[in-house]
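Student: Chains as they are written, first to last, in this note's numbering: chain A, 1 to 213; chain B, 1001 to 1213. Just so you know, even glycine gets a beta-carbon here, dropped at the ideal spot from N, CA and C.
2 protein chains.
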Amino acid sequence: MDTETPYSETEEKIFLAALEEFSLHGKQGARMQQIADRAGITKALIHYYFRSKDRLYEAVFAFVVRRYFINIGENIQPGEHFADTLRNFIDRYIDLLEKQPALPFFILRDIAEGAPVLSAKIREHLLPRKRNLPFLFVSSFEAAVASGEIRQHDPIQTLITVMGACIYFFAGFPVLSVIIPGLKRERARFLAERRDHIFDIVYYGLTPRAENR
Amino acid sequence: MDTETPYSETEEKIFLAALEEFSLHGKQGARMQQIADRAGITKALIHYYFRSKDRLYEAVFAFVVRRYFINIGENIQPGEHFADTLRNFIDRYIDLLEKQPALPFFILRDIAEGAPVLSAKIREHLLPRKRNLPFLFVSSFEAAVASGEIRQHDPIQTLITVMGACIYFFAGFPVLSVIIPGLKRERARFLAERRDHIFDIVYYGLTPRAENR
DNA sequence: TCCGGTATTAACCATATGATTAAACATTAT
DNA sequence: ATAATGTTTAATCATATGGTTAATACCGGA
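1) When burial is assigned at 16 or more other CB atoms within 10 Å of the CB, is B/Arg1123 buried or exposed?
2) I'd like to know if A/Met32 contacts chain B, where contact means its C-beta is closer than 8 Å to some C-beta of that chain.
3) Listing by chain order, which chain B residues have their CB less than 7 Å from the CB of A/Ile180?
4) For the stretch 32-49 of chain A, enumerate the residues whose C-beta is nearer than 9 Å to any C-beta of chain B, in chain order.
5) Determine the burial state of B/Gln1157: buried for a count of at least 16 other Cβ atoms within 10 Å of its Cβ, exposed for fewer.
6) Determine, for A/Arg194, whether the minimum Cβ-Cβ distance to residues of chain B falls below 8 Å.
7) Excluding the 5 residues preceding and the 5 following B/Leu1176 in the sequence, name in chain order all residues of the same chain whose CB lies nearer than 8 Å to its CB.
8) For B/Leu1024 and B/Arg1051, what's the separation of their Cα atoms in angstroms?
9) Determine, using beta carbons only, whether A/Tyr168 comes closer than 8 Å to chain B.
10) Roughly how many angstroms lie between the CA atoms of A/Ile198 and B/Gly1029, to the nearest whole one?
11) Mind checking if A/Asn212 is an interface residue toward chain B, Cβ cutoff 8 Å exclusive?
12) Please report the distance separating the alpha-carbon of A/Gly164 from that of B/Arg1038.
13) For B/Ala1120, tell me which candidate among B/Leu1191, B/His1047, B/Glu1058 and B/Arg1189 has the shortest Cα-Cα distance.
14) Is the shortest distance between the beta-carbon of A/His125 and the beta-carbons of chain B less than 8 Å?
15) Does DSSP put A/Ile14 in a helix, in a strand, or in coil?
16) Would B/Pro1155 and B/Glu1142 be called neighbours here (beta carbons separated by less than 8 Å)?
17) Looking at the C-beta of B/Arg1209, does it have a partner C-beta in chain A at a distance below 8 Å?
18) Contact between the stretch 1100-1110 of chain B and the stretch 106-116 of chain A: three or more CB pairs below 8 Å?
19) Thinking A/Arg209 and B/Arg1151 are a contact (beta carbons under 8 Å), I'd like their distance in whole angstroms, please.
20) Quick check: the Cα distance between B/Asn1071 and B/Asn1088, rounded to an integer number of angstroms?
21) Alpha carbon to alpha carbon, how far is B/Glu1149 from B/Leu1206?
22) Run the CB neighbour count on A/Tyr93, radius 10 Å, all protein chains shown included, and call it buried at 16 or more, exposed below.
23) Going by alpha carbons, who is nearest to B/Lys1027 out of B/Cys1166, B/Leu1191 and B/Val1117?
24) Is there a Cβ from chain A that is less than 8 Å from the Cβ of B/Gly1172?
25) Is A/Val175 close to chain B? Criterion is C-beta to C-beta, closer than 8 Å.
26) Going by Cα to Cα distance, which pick from B/Ser1139, B/Ile1046, B/Ala1146 and B/Asp1095 is closest to B/Arg1194?
27) Look at the alpha carbon of A/Asp2 and the alpha carbon of B/Leu1097, and state the distance between them as a whole number of angstroms.
28) By the 10 Å Cβ neighbour count, where 16 or more other Cβ atoms means buried, how is A/Glu186 classified, buried or exposed?
29) Anything in chain B within Cβ reach of A/Ala62, meaning under 9 Å, just list it in chain order.
30) How about A/Met32 and A/Lys13: are their beta carbons less than 8 Å apart?
31) When you compare the CB positions of B/Gln1100 and B/Arg1067, do they come within less than 8 Å of one another, or not?
32) Compare the C-alpha of B/Thr1085 against each of B/Phe1063, B/Ser1140 and B/Arg1055 and name the closest.
33) So for B/Asp1002, helix, strand or coil by DSSP?
34) Considering just the uninterrupted stretch of the alpha helix (DSSP H) at A/Pro78, what are its terminal residues?
35) Below 8 Å on the Cβ atoms is my contact criterion, and I expect B/Cys1166 with B/Ile1041 to pass it. Report the Cβ-Cβ distance as a whole number of Å.
36) With 8 Å as the limit, tell me which residues of the stretch 1133-1163 of chain B have their beta carbon closer than that to any beta carbon of chain A; keep them in chain order.
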């Protein structure tokens, strides 16, 4: 994994084990011993490097959120057409989720408790930047409405729809794979189709048509 | 709350407090003492009625899932047109989530651990029934494709899109309300619009149009 | 009124678990 | 070689927490 952090080898092992355990069981549910076991070191070493469980969690959470914003919020360019912006967003979002499948659960756990950490991070990282993702999505959307590329609709509602459509596959996968036979085996193909599907439904659903039904 | 259960008043208080605490902090994170405090009784009483934390959690989980399937999976009739099926599904799903806003987090926590409990319940309750929701959605979808009401598309992909679009508003609300100013205040109106929006985008995105662009 | 069962509590117990410590081990510089 | 600094471990501690118990309050029926 490319943590891009100046961590020592041991720190890295601890960090990755912690990420895994926290994702799986949450802050409270995760056990220091199990993190140590997974990392192949002693409990005491975790404290040597990260001081306390709280700080370890904080470190992991901060890293996860930073990666989230780097992948999603930054360096995004609005396409000339809304079609480009939309397609780009879907691909980017799904890429991120594929790279970091534990992410939704990590985030959702914080959200379940009222998102105390996440909303602070959003206020700190996302909102101050002018070129953040929601902003770009909305402005690209509105420009496309003005140019007639798409019909009048609420950009925020659309954004929520797209995000939900992307994330639910990952968050709901264990359940979906029970309902849908063969999903686990064909996950890759299904996911590739998923990108096209979301784009097609949403974009087609937004573009005006000749007749007024 | 209408638990429809033969619980005594005290049991009910405990149950509701547990539901709240488990939703908020998960099985491990929830504290028996805090459940007791919230219910306004003593820790020992919880054990008197529910024996152990495990059993209490099991009781709460079973209830939540049962309610979920009752509201979603049962008594659903496919509409004559797919438009009706779709609209009905969206309304039903959002109604349920509105009534039980803790539900997504409750479910998602189980999913995060690989959905051990939930997948068992699905296999037990949902799959054996012929008239379950995914089945009806898919068959209504395919009938509509055959009749020309909607164009060719993957019904499963569409189902996932719709579910994700519905659920994400609730699961992501704390985050969304940071990003979108005034969302908290106008939640009701936004949610009402949400139903129309999802239906419109998806249905409009599915229906064929005169010109082939 | 008193008895018997049910409900409820306060105090206590056992243990899991986060945290600390002191000693051993490794590595590097002098 | 040896001191010094950094890394790692085994053993131990302190406490939070799930669970138990025995005593007490409550309440309906004889």
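Tutor: Reading it off the structure:
1) Label assigned to B/Arg1123: exposed.
2) Contact of A/Met32 with chain B is not assigned, every C-beta pair being separated by 8 Å or more.
3) Taking a Cβ-Cβ cut-off of 7 Å, the neighbours of A/Ile180 in chain B comprise Ile1156, given in sequence order.
4) Listed by position, the residues of the stretch 32-49 of chain A near chain B (Cβ gap below 9 Å) amount to none.
5) By the neighbour-count rule (16 or more Cβ atoms within 10 Å), B/Gln1157 is buried.
6) Chain B has a Cβ within less than 8 Å of the Cβ of A/Arg194.
7) Excluding sequence positions up to five before and after B/Leu1176, its CB lies within less than 8 Å of the CB of Phe1169 and Leu1183, all in the same chain and listed in chain order.
8) Approximately 22 Å between the Cα atoms of the pair.
9) By this cut-off, A/Tyr168 is an interface position.
10) Straight-line Cα distance between these residues: approximately 36 Å.
11) Only weak support is given to the placement of A/Asn212: the predicted model assigns it a pLDDT of 47, under 50, and the value that follows is read from those uncertain coordinates. Not one chain B Cβ lies under 8 Å of A/Asn212.
12) Distance between the alpha carbons of A/Gly164 and B/Arg1038 is about 33 Å.
13) Here the closest residue by C-alpha is B/Glu1058.
14) Taking Cβ atoms only, chain B never reaches closer than 8 Å to A/His125, which makes this a no.
15) If DSSP states are grouped into helix, strand and coil, A/Ile14 belongs with the helices.
16) Against a cut-off of 8 Å, the Cβ pair of B/Glu1142 and B/Pro1155 comes out as a contact.
17) Chain A contact via Cβ: present.
18) The answer is yes - the stretch 106-116 of chain A touches the stretch 1100-1110 of chain B, with three or more Cβ pairs under 8 Å.
19) With a Cβ gap of about 12 Å, A/Arg209 and B/Arg1151 do not count as contacting.
20) One C-alpha to the other measures close to 12 Å.
21) It is roughly 9 Å from the alpha-carbon of B/Glu1149 to the alpha-carbon of B/Leu1206.
22) That one is buried.
23) Minimum Cα distance to B/Lys1027 is reached at B/Val1117.
24) Output row for B/Gly1172: interface = yes.
25) Closer than 8 Å: yes.
26) For B/Arg1194, the nearest C-alpha among the options comes from B/Asp1095.
27) Caution applies to A/Asp2, whose pLDDT of 41 falls short of 50 and renders its modelled position unreliable; the value that the coordinates give is listed next. Distance from the CA atom of A/Asp2 to the CA atom of B/Leu1097, rounded to whole angstroms, is 38 Å.
28) A/Glu186 is exposed by the Cβ-count criterion.
29) Result: empty, since nearest Cβ-Cβ is about 16 Å, beyond 9 Å.
30) No.
31) Taking the C-beta atoms as reference points, B/Arg1067 is found nearer than 8 Å to B/Gln1100.
32) The shortest Cα separation from B/Thr1085 among B/Phe1063, B/Ser1140 and B/Arg1055 belongs to B/Ser1140.
33) Any reading at B/Asp1002 must be qualified, since the residue scores a pLDDT of 42, below 50, and its modelled position is unreliable; no value is offered.
34) Run containing A/Pro78: none; DSSP gives neither H nor E here.
35) With a Cβ gap of about 36 Å, B/Cys1166 and B/Ile1041 do not count as contacting.
36) Per Cβ criterion, the list reads Pro1134, His1153, Asp1154, Ile1156, Gln1157, Thr1158, Ile1160, Thr1161 and Met1163.
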